[in-house]
Amino acid sequence: MGKAVCNNCHSLDYEIIFKEGEAQYQQIVKCKNCGLMYVYPLKIENNEKYWEGKTKEQAVLDKKAFFSDKMKYMIDQKEKLQIKDFSKSIKYVEKVLPDKGNVLEVGPSRGYFLHELEVRGWKVYGVEPAKARRDEAKRIFGYDFVPDKLEDTNLPESSFDVIFLFHVIEHILQPSEFINMLYKYLKPGGILVMETPTYDTATFKILRNKERSIRCDGHFYFFTKKTLKSIICKNNMKILRHDRVGRSLSMERLCWNFTVMFKSKFLEKILFKLSSALAFNKLNIYINAGDMQRIYCQKPDSSNMNNI
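With the numbering used here, the residue at position 50 of the sequence shown is 58, and numbering never jumps.
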């Protein structure tokens, strides 16, 4: 087992926040120097598709879950609903960059958000390592996404005006190096938009290890607004805007989130029956608990270099 090294400040000093099994199947620690929270020690097999965030044992257990038969539908519904949430970022980007150009989304899944951008006049590209999601994007929109993780692609540097990264950075094993890679792909003056959970919230202080995002087995990093800003500035990008945002979801999805929080088969059975009886899949809501953050960053060019 290697030493714990903070990906932001490279400190070796940490404190244990949640032991293995308290929040997720891996232990979560916090850097004593900069405050970044991350999984340590990291337990993934060399050949495991770690971006999907599940061990073989967990995948077997999930097949017995009451919501599992509907999961494909629930994910599809979730992505459709979130177009409205994510599209708010398009309006801001188009104010900064009124001339629509090339846009890349890393982890576009089925391509709903990229399709919205394409309709608005952007030339869209996607990098999606999960084959099932690429196949769906091909079936629904005809997109041929790059079938690799970003670090394995041969995309030309300085080729994108905007890069979007929604709920991906928390799944990356080395986020600082990943952001540096995104920096290289941006044109001078280009914009990076990222969204990820945040943990400097009342929700996290109250729920602690029961907070939904801290319990996700595929999350390796857990950012506050301060630590996300720090890792962005470390990679020489200017922060244009930094918001707390909410999300649109069905009541059925909210019920599923509660099962993730409490990991109780008894509760899951009750919520599944309630959701089915009351047709919660047809009832959509918007929640802003302040537990999500969206940050807009700009690569410097000759006109904004002095503002970094």
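Ideal Cβ positions, reconstructed from N, Cα and C, are used throughout, including at glycine.
| task | Using the Cα positions of residue 282 and residue 271, report the straight-line distance between them to the nearest angstrom. | result | As a working mapping, residue 282 is identified with position 274 in the sequence shown. As a working mapping, residue 271 is identified with position 263 in the sequence shown. Answer to the nearest angstrom: the Cα atoms are 17 Å apart.
| request: Could you spell out where the beta strand (DSSP E) holding residue 280 opens and where it closes? | output: By one-based count along the sequence shown, residue 280 stands at place 272. No beta strand (DSSP E) holds residue 280; the alpha helix (DSSP H) holding it covers 273-285.
task: Entirely within the stretch 149-230 and at least 3 residues each: give me those beta strand (DSSP E) ranges in chain order.
output: 168-174, 194-205
Please check the pair residue 75 and residue 280, which I expect to be a contact at CB under 8 Å, by giving their CB distance rounded to whole angstroms.
-> What you label residue 75 is simply residue 67 of the sequence shown in a count that begins at 1. What you label residue 280 is simply residue 272 of the sequence shown in a count that begins at 1. Their Cβ separation, rounded to whole angstroms, is 6 Å, which keeps residue 75 and residue 280 in contact under 8 Å.
*Between the Cα of residue 207 and those of 291, 261, 255, 231, spot the shortest distance and give me the residue it belongs to.*
Here residue 207 corresponds to residue number 199 of the sequence shown, with the count starting at 1. Checking every option, the nearest Cα to that of residue 207 belongs to 231.
Collapsed DSSP secondary structure at residue 249 in the structure displayed: Numbered from 1 along the sequence shown, position 241 holds the residue referred to as residue 249. The answer is strand: DSSP assigns residue 249 an E or B state.
request  = On the DSSP bridge assignment, give the partners of residue 133 in chain order.
outcome  = Along the sequence shown, one-based indexing puts residue 133 at 125. 112, per the DSSP bridge assignment.
- Query: Can you list, in chain order, the residues of its chain whose CB lies under 6 Å from that of residue 125, leaving out five sequence neighbours each side?
  - Reply: Here the question's residue 125 lines up with position 117 in the sequence shown. For residue 125, where only same-chain residues beyond five positions count, the Cβ hits under 6 Å are 111, 132.
Exercise. Residue 256 and residue 229: beta carbons closer than 8 Å?
Worked result: In the sequence shown, counting from the first residue as 1, residue 256 sits at position 248. In the sequence shown, counting from the first residue as 1, residue 229 sits at position 221. No. Outside cutoff.
How about residue 305 and residue 245: do their beta carbons lie closer than 8 Å?
Numbered from 1 along the sequence shown, position 297 holds the residue referred to as residue 305. Numbered from 1 along the sequence shown, position 237 holds the residue referred to as residue 245. Contact flag set, yes.
Item to complete: Drop a sphere of 10 angstroms on the beta-carbon of residue 166, count the other beta-carbons inside from all chains shown, and report buried for 16 or more, exposed for fewer.
Response: Counting from one through the sequence shown, the residue named residue 166 turns up at place 158. With fewer than 16 other Cβ atoms within 10 Å, it is exposed.
**OP:** Classify residue 32 as buried or exposed, calling it buried when 16 or more other Cβ atoms lie within 10 Å of its own Cβ.
**Re:** Translated into positions along the sequence shown, residue 32 becomes position 24. The residue in question, residue 32, is buried, as its Cβ has 16 or more Cβ neighbours within 10 Å.
- Simplified DSSP state of residue 257, which is helix, strand or coil: Position 249 of the sequence shown, counted from the first residue, corresponds to residue 257. Strand at residue 257.
If the criterion is Cβ atoms closer than 8 Å, does the pair residue 122 and residue 100 meet it?
As a position in the sequence shown, residue 122 is number 114, starting the count at 1. As a position in the sequence shown, residue 100 is number 92, starting the count at 1. No, these two residues do not count as a Cβ contact at 8 Å.
_Anticipated Cβ contact below 8 Å, residue 144 with residue 174, distance rounded_ = Numbered from 1 along the sequence shown, position 136 holds the residue referred to as residue 144. Numbered from 1 along the sequence shown, position 166 holds the residue referred to as residue 174. Actually they do not touch by this definition, with Cβ atoms about 17 Å apart.
Since residue 87 and residue 117 should fall inside the 8 Å C-beta cutoff, what is the C-beta to C-beta distance between them, to a whole number of angstroms? Taking the first residue of the sequence shown as 1, we reach residue 87 at position 79. Taking the first residue of the sequence shown as 1, we reach residue 117 at position 109. With 8 Å as the limit, residue 87 and residue 117 qualify as a contact, their Cβ atoms being about 6 Å apart.
Straight-line Cα distance separating residue 95 from residue 184: To locate residue 184, count along the sequence shown from 1; it is residue 176. To locate residue 95, count along the sequence shown from 1; it is residue 87. Each residue's Cα considered, the two are about 26 Å apart.
Please state the DSSP three-state secondary structure of residue 309.
In the sequence shown, residue 309 corresponds to position 301, counting from 1. Three-state DSSP puts residue 309 in coil, outside helix and strand.
Going by beta-carbon coordinates alone, are residue 239 and residue 41 separated by less than 8 Å? Numbered from 1 along the sequence shown, position 231 holds the residue referred to as residue 239. Numbered from 1 along the sequence shown, position 33 holds the residue referred to as residue 41. Contact: no.
Query - For residue 289 and residue 81, the rounded distance between their alpha carbons - result: Within the sequence shown, residue 81 is the residue found at index 73, counting from 1. Within the sequence shown, residue 289 is the residue found at index 281, counting from 1. So the two alpha carbons sit approximately 10 Å from each other.
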